[in-house]
Every structure is written in structure tokens, then in C-alpha cells.
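Under our numbering, the residues of the sequence shown are numbered 640 to 1044, in order.
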Amino acid sequence: MSESNQPDRRPAIGIWHRYGPAAHTEEYPALPDLVTELSQPVDVHYFGMQTGQAVPAAIREHATVHNLPLHVNRASMRDKVWKTILWYLAIPFMALRCRRLGIQTLFIDESLPFSFIIIRCFFGRSIARTLTDFFLDIYLREHAVPGWLTRALSRLEINSWRPLPLIITRVEYTRRFLVGQGFDPARIAVLYNPCDLALYQPGDRMAGRRRYGIPPEAFVIVHHGVLHPNKANDHILNALAGMRATHPRLHYLLVGSGPELTRLRELTKSLGMSDHVTFTGWLNTESEVAEAINAADVGLVMRVGLESDHYHVTNTLVHEMACGLPILAARLAGIAEIIHHEDNGLLFDPADGESFRHQLARLADDPGLRARFGARSRQDAERLFDKTRIAHDTARLLLQVAHAK
């Protein structure tokens, strides 16, 4: 049958994420609403690995899910590394499969170094992406790659995004950086991280303390996420150890797992802080994460302060704000777009332990200040991170790309 005699086919958009639709929804809770809205004018195809979690009902109903024959254990760093390597190897086959299915546009909602070079070779240029983090810079610095090579590889990586018709950044600072690199500003949109505000909301302060054996009278600081070196939790532990004499009730609740977990546990022991630090390890459900966050008095947002740390807002910040915690955050450009010092939280220099200790002491000593910042946190989360609105805005942008194809 000739091309002209084929029946008209609805436009189609493909969505890719390594961890599949359930885990992807945990990271990006706007996904079910996004798929539902996209499915009205276009067909939606979802490609990802399997995690053993149930596919959210809205995605199961409104998208065709293509499961790779791979199961990934997100609690195992080793398994994630190996499955990511296999994901790279699968990219050409997925791209060609998308072309055979008549998919006009891809939406890639993660930042895997150099993946867009491969995808473009086998699919084409009609690719929309989310730029959440500059992971290449983090990985290269972590492994002490020479500066000249880091800069060269970073330039290659950034230039690979230049032909893309749409880049969604999570902060205005990243948009300005890309425009400064010569990117077309009309192709860049800023949408903050979405949040499930019904799941992450102020809750029972004692439930998490009972679960993890934290004293009811403790003053708890919480941080959650993958434990990478650039999270600088070692800096926090050292700073907290120096405050025990003046603030003996301090307790650090560290939620999550990752390559730094063993080293951080050893550091905690060597500092004599074992009674003041709780490691939850990997938590299997978001409700457990929300419960742990609500056990705290202060939400901490920390990065070591690399240049790449300025370009995003972490889900750590989003979840802590949604739970109504007063925020103590590293003074980084992306974070400072949301946390305004003395207005809805406190900022500190990530390279200055004394700055951190001073601001934490202020929060520990002033319940009224904590209450004021906590109330503002929830208000700002509702204004900035509503997942339904962000899904609608994302769908509109993706449909513009698909219709321009």
C-alpha cells in the first residue's frame, strides 16, 4: 500500500524513563495527569524498565506501555548502574521501534549523559527533554577527572542538546545559562518540580519518631534523597558534632540510601554521633518518606556547592516545603529562586560550616520563627508545585512540538 493510501493515523508521542511508569510517577507525580491530557489529541507510548510496582491506573488506561525485559532494583546502586548500562544499549532499538510505531516526538524526563547524541542518531531531532541536573559534571568531579577533560566533555554534552526543539528546566537560572550559551530562548521553558500535595502535607510529628526510635523531645533535622558525595552529608555531620555542647537535643534524620551510606555511618560512629543520627536506608513507599519528613522540626537542603548544583531544585526541597517544614538550605542559585532568606526560610553558605551552625541555632532557639517559615513553606508549595497545573503546561508544550513536526 502506498503512503497516500494509508489511513490517517493519530499523532503519537513517546515518553521514556529508565525506571518505568510507577517509579517515574514517584519522581514526577504530574505524569499520570500529563499522560491523560496528552491522550486526548494524540496516542501516548511509554517505554521503560520494570520495578515490580503496579503501573498507575491513568497511565495504564491512557497509554500503551512498552516494558523492556529488564527489572531494576532501585534500592541497589549496583543494580541501577548495570541496568543503566543496558538502557544505553537499548536506546537504538527503542528509537527505531518508536519510528516504526509512527511516533513523531519523544519526551525524555531524565538527564543521562550523552544519551541525546544516541537518541538523535536513531530517532531524529523531535525530542523534548527535561534538564533536571548536570550529572556529567557531578560524575566526572567525583572520579577526579582532569579539569580540561571535564570541560571538554561538558561542552560536548551541552552542545548535544542544542538542536532539541524543547528543553524544560526546573529553574530560571538554568534557562539563563542555556541562553548565555547561545540556545534559542523560545525553545526553553521553566517549570518547577511537581508535587503530590495530598501525599506530602503536614502530618503526625510523632509517628516517624516512634518508627525510628527518635526521642520525642529531640530537635530533628531531616534530609532525604540518594546519598551521593555532592550532597555533602559529611559536612553536615561534622557541623552537627560541633554543636552538641550548646544544642544537645539535635538529631539528624537521614532518609535514603546510596554510595555514601557506608562511609557516612562510619563517620557518624567516629564522631561519637551514633545517638544523634538516624539512617533509615531505602524507603519503599512515598508515604514512608512523607512520614519521615513530618517527624522533623527543620527541613535541610544541602549540596556541596559545585557549579552544577546551582541549576536545579531538588525534590528534597519540594517535599519538605509541602510538609510545612521551615527550610534551612544551601545558598545556591536555583534554590534561592524559591527560598528567600528571612522570608520563607534561611540560607547558608555550603562551604562555611559556621554559617550553617549559626542559621541552624537560630531555628533551634526560636519556635516562632520555625512556625512562620513552616506556614510559608506550605503556602509556597501549593502555589509553585501543583502537579495538575504543571502537567497541563507540559502537555501544551509537548503538543506544540508534536504539531510542528
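All C-beta atoms, glycine included, are put in the ideal place defined by N, C-alpha and C. Values in this document were obtained by computation on a predicted structure and should not be read as measured data.
In the displayed model, Val674 falls within a helix according to three-state DSSP. The region 1005–1021 makes no contact with the region 650–661; the number of CB pairs closer than 8 Å stays below 3. The three-state reading of DSSP puts Arg768 in strand, counting E and B together. With a minimum length of 4 residues, the unbroken runs of alpha helix (DSSP H) contained wholly in the region 898–970 fall at 900–909, 925–933, 954–961. Around Pro802, the same chain offers Arg764 as residues with beta carbons nearer than 6 Å, after the five sequence neighbours per side are excluded. Short of 8 Å from the beta carbon of Val940, and not among the five residues preceding or following it, lie these beta carbons of its own chain, in chain order: His862, Thr953, Thr955, Leu956, Glu959, Ile966, Leu967, Ala968, Ala969, Ile974, Ile978. Cβ atoms of Ala1030 and Ile652 stay farther apart than 8 Å, at about 14 Å. Only exposed fits Ser926, as fewer than 16 other CB atoms lie within 10 angstroms of its CB.
Three or more beta-carbon pairs separated by less than 8 Å link the region 871–885 to the region 995–1007, which places the two stretches in contact. Spatial neighbours of His705 in its own chain (CB-CB distance under 7 Å, excluding positions within 5 residues in sequence) are listed in chain order as His684, Tyr685, Phe686.
Annotated three-state conformation of Ala651 is strand, per DSSP. Here the alpha carbons of Thr907 and Phe1024 stand approximately 34 Å from one another. With three or more CB-CB distances shorter than 8 Å, the region 915–926 counts as touching the region 895–905.
Ser799 and Ile730 do not touch by the CB rule: their CB atoms are close to 13 Å apart, not below 8 Å. In this structure the region 855–874 touches the region 931–950; the number of beta carbon pairs closer than 8 Å is three or more. In summary, Thr917 is buried, with 16 or more beta-carbon neighbours lying within 10 Å of its beta-carbon over all protein chains present. Shown here for Leu900: same chain residues with a beta carbon closer than 6 Å to its own, the five before and five after excluded, namely Leu866 in chain order.
In the DSSP assignment, Gly687 falls within the beta strand (DSSP E) that extends over 682–689. Within the region 838–871, complete beta strand (DSSP E) segments of at least 3 residues are found at 858–863, given in chain order.
Its Cα nearest to that of Arg738, the residue Cys760 stands out among Asp718, Cys760, Leu725.
Each of Ala828, Ile932, Gly911, Phe816 was checked against the Cα of Thr808, and the nearest Cα belongs to Ala828.
With a threshold of 16 other beta carbon atoms within 10 Å, Phe732 falls short and is exposed. Following the DSSP letters along the chain, one finds Ile977 in no alpha helix (DSSP H), marked with neither H nor E. A Cβ-Cβ separation of about 5 Å places Ala929 in contact with Tyr839 under the 8 Å criterion. By the neighbour-count definition (other C-beta atoms within 10 Å, threshold 16), Leu735 is an exposed residue.
For Cys834 and Ala693, the gap between their C-alpha atoms comes out near 20 Å. When secondary structure is reduced to three states using DSSP, Gly984 falls in the strand class. In the three-state scheme derived from DSSP, where H, G and I count as helix and E and B as strand, Tyr831 is classed as coil. Rounded to the nearest whole angstrom, the C-alpha separation of Leu795 and Phe753 is 8 Å. Per DSSP, the beta-bridge partners of Phe746 are Ile654, Ala767.
In the DSSP assignment, His663 falls outside any beta strand (DSSP E) and lies within the alpha helix (DSSP H) extending over 659–666.
The C-beta separation of Glu811 from Glu976 comes to about 6 Å, placing the pair in contact by the 8 Å criterion.
If you ignore the 5 residues before and after Pro668, its C-beta comes within less than 7 Å of the C-beta of Pro833, Cys834, Asp835, Lys1026, all in its own chain and listed in chain order. In the three-state reduction of the DSSP assignment, Asp1025 falls in the strand class, which pools E and B. For His874 against His890, the beta-carbon gap comes to about 17 Å, at or over 8 Å, which does not count as contact. When only Cα atoms are considered, Gly847 and Leu879 end up about 21 Å apart.
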